[in-house]
Each structure stands twice: as C-alpha cells, then as structure tokens.
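Engineer: This is the structure I want to talk about, given as structure tokens.
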Amino acid sequence: MKQLIAFDLDGTLAESKQPLSDEVAALLARLLAVADAAIISGGDWPQFEKQIASRLPAGAARERLWLMPTTGTKLYRFADGAWRRAYADLFDADERAEILAAFDRALADAGLADECIWGERIEDRGSQITFSGLGQQAPLDAKEAWDPDRAKRTALQATLPAALPDLSINLGGTTSIDVTRKGIDKAYGLRRLSEESGVALAQMLFLGDAIYPGGNDYPAFTLGLDTVKVRDVAETIAVVTGVIACLGS
Numbered sequence: 258m259k260q261l262i263a264f265d266l267d268g269t270l271a272e273s274k275q276p277l278s279d280e281v282a283a284l285l286a287r288l289l290a291v292a293d294a295a296i297i298s299g300g301d302w303p304q305f306e307k308q309i310a311s312r313l314p315a316g317a318a319r320e321r322l323w324l325m326p327t328t329g330t331k332l333y334r335f336a337d338g339a340w341r342r343a344y345a346d347l348f349d350a351d352e353r354a355e356i357l358a359a360f361d362r363a364l365a366d367a368g369l370a371d372e373c374i375w376g377e378r379i380e381d382r383g384s385q386i387t388f389s390g391l392g393q394q395a396p397l398d399a400k401e402a403w404d405p406d407r408a409k410r411t412a413l414q415a416t417l418p419a420a421l422p423d424l425s426i427n428l429g430g431t432t433s434i435d436v437t438r439k440g441i442d443k444a445y446g447l448r449r450l451s452e453e454s455g456v457a458l459a460q461m462l463f464l465g466d467a468i469y470p471g472g473n474d475y476p477a478f479t480l481g482l483d484t485v486k487v488r489d490v491a492e493t494i495a496v497v498t499g500v501i502a503c504l505g506s
C-alpha cells in the first residue's frame, strides 16, 4: 500500500499556471485524509502559493502535504499555522549569468528572439532558471498552440548542453524549459522527499503528464518509482479517485 502520492502540477493537477479547481482542491483534501501527498514542479513558491496553498479547503490536513517548487530544489511544509521553507539550493551569480547568456544565443540562432510575448520570458527562480516560450503571463490558448508537438523546445533543448555542459536541461509545462544544476531533476527532488519524509521510494506513487524521454516528469520513471502518465487533469481526477478508494478501504 502506498504511503505518499506525488504529483507534477501543470497539466496534471491544474492547467498551466492556473489555480487548482474547486474539484481538484477538494480531491486533494480527501487524499490527504488517507495519505501524504507531494507536489513537485518547476514553478517557484509564489506560483505554488497561488495555485495550491491558497486553494486548499478548510480542514485539509496541510501538515501531510509536501510542496516542492523549482523541481524539488526547495521544500515548503505547513507548521504553526503557516507555510515555511525547509531548504533551498540556490544558483550563484556566475551560474545565473552563464545560463542567461546561453538562452540569448540559442533563441537568436533559432529565430525565436523576436516573437510576441507576454511578460518576462526568462525567470530566475533562485535554484532554477526557466524559459517560457511566450512569456510568464501568456494566455493559456496561445501557450497550447505555440509548441503542441514540443518541436520548438526540443530543438532549443538540444542546443543548450554545449554551452551548459554541467547543468540539467528539461522540458516542462506547456512552453517551458527548466535549467538546474546537473543531477537536479525530479529524481533528485523525489530522493530528497524520501529523505525528508522518511517514506521509502517504493512506497511512493508519482503522477505526471510529461513522463516521456526529455520530459521533466521522466526522471521519476527512471528513478524506479511506480508512475502513472496522465493525459490531463481529468485523467488525474479519475486516477486519484481510485487511489483514495483503495487507500481508504
């Protein structure tokens, strides 16, 4: 019987950068009544607060929820009535400058530097640098249409290792590329989760929409966790409903 259910966020529990729906928030509260849960994604804490923490219904067992922004390089727990950061692994100034310069060159070479965008395209999240193809504030319909087959991001992803050989580069969300230190991916975050929670990896189940080679959920599969690849939020709801029924029986 699994003790902890771990999730990707965008495309799995919520639409890209959107808050949890009432249905998903209530479902998560039901899950927390029978098991621990963790959410690991590329967004930083303000995005997690907006999408998850602020959406949990009254009475939800927040102390059983493990929130892991920036691909697990940060961990937040609920204690004494507030969400508090347990740890954070941050880039230094030289690493940040190197990553930003590499993205500038790659976008110019790919002819993507002058596209219409909404908000900042490159976001420094402290322990992760994230490229968003249409900007951080792009509307969902534009994001879904920009790179539906992942071809644009896969091409960019392939050019970056030469400039950033010591860093990990993974596709994330709908339009994103996440850059972290080498070895910092969801496998790293899930190993840290196991250490912090005391729950063995064999007792975890991971759900994500990007469990494919090059996808930022794929490291959970290569780590050896039991995983479920979901198509969308609706399929996540169906899977979690079944999990709750099994765990609560």
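In my numbering, the protein residues as written are 258 to 506. All C-beta atoms, glycine included, are put in the ideal place defined by N, C-alpha and C. Note that this is a predicted model, so its numbers are computed, not measured.
(1) Counting only the same chain and skipping the five closest in sequence on each side, list residues whose C-beta sits under 7 angstroms from that of L322.
(2) Hey, T330 and T437 are a contact pair by Cβ (cut 8 angstroms); roughly how many whole angstroms apart?
(3) By DSSP, does Y475 sit in helix, in strand, or in coil?
(4) Compare the beta carbon distance of R378 and D301 with 9 angstroms and say whether it is the shorter of the two.
(5) Would you give the residue range spanned by the alpha helix (DSSP H) that D423 belongs to?
(6) Helix, strand or coil for Y333, going by three-state DSSP, please let me know.
(7) For K439, count the other beta carbons within 10 Å of its own beta carbon; 16 or more makes it buried, fewer makes it exposed. Which is it?
(8) Does chain C have any CB closer than 9 angstroms to the CB of G440?
(9) Check whether the Cβ atoms of L504 and A263 sit closer than 9 angstroms, and answer yes or no.
(10) Taking the beta strand (DSSP E) that F264 falls in, what are its first and last residues?
(11) Ignoring anything shorter than 4 residues, give me the alpha helix (DSSP H) runs that lie fully in the segment 336–414, in order along the chain.
(12) The beta strand (DSSP E) with A457 in it runs from where to where?
(13) Could you give the distance in angstroms between the alpha-carbon of Q308 and the alpha-carbon of A358?
(14) So, L428 versus G472, is the Cβ gap smaller than 9 angstroms?
Structural biologist: According to the structure shown:
(1) Sequence index remark: in the sequence shown, residue 322 carries index 65 (1-based). Answer for L322: L289, A294, F335, listed in chain order.
(2) Indexing the sequence shown from 1 puts residue 330 at position 73. Indexing the sequence shown from 1 puts residue 437 at position 180. Contact flag correct, Cβ pair sits at about 6 angstroms.
(3) Numbered from 1 along the sequence shown, position 218 holds the residue referred to as residue 475. Note: Y475 maps to helix in three-state DSSP.
(4) For this step, residue 378 is matched to residue 121 along the sequence shown. For this step, residue 301 is matched to residue 44 along the sequence shown. Contact: no.
(5) The residue you call residue 423 lines up with position 166 of the sequence shown. Per DSSP, D423 belongs to no alpha helix (DSSP H) and is neither H nor E.
(6) As a first step, residue 333 is located in the sequence shown; it is residue number 76 there, counting from the start. Residue state, collapsed to three classes: strand.
(7) Within the sequence shown, numbered from 1, the residue matching residue 439 stands at position 182. By the neighbour-count rule (16 or more Cβ atoms within 10 Å), K439 is not buried but exposed.
(8) Note that chain C does not occur in the displayed structure, where there is just one protein chain.
(9) One-based indexing of the sequence shown puts residue 504 at position 247. One-based indexing of the sequence shown puts residue 263 at position 6. No; because the gap between Cβ atoms is not below 9 angstroms, this pair is not in contact.
(10) As a first step, residue 264 is located in the sequence shown; it is residue number 7 there, counting from the start. Where F264 is concerned, the enclosing beta strand (DSSP E) stretches over 261–264.
(11) 350–367, 397–403
(12) Here the question's residue 457 lines up with position 200 in the sequence shown. A457 -> no beta strand (DSSP E), and no H or E assigned at all.
(13) Looking up residue 308 in the sequence shown gives position 51. Looking up residue 358 in the sequence shown gives position 101. Distance between the alpha carbons of Q308 and A358: 30 angstroms.
(14) Along the sequence shown, one-based indexing puts residue 428 at 171. Along the sequence shown, one-based indexing puts residue 472 at 215. In this structure, G472 lies closer than 9 angstroms to L428 by Cβ.
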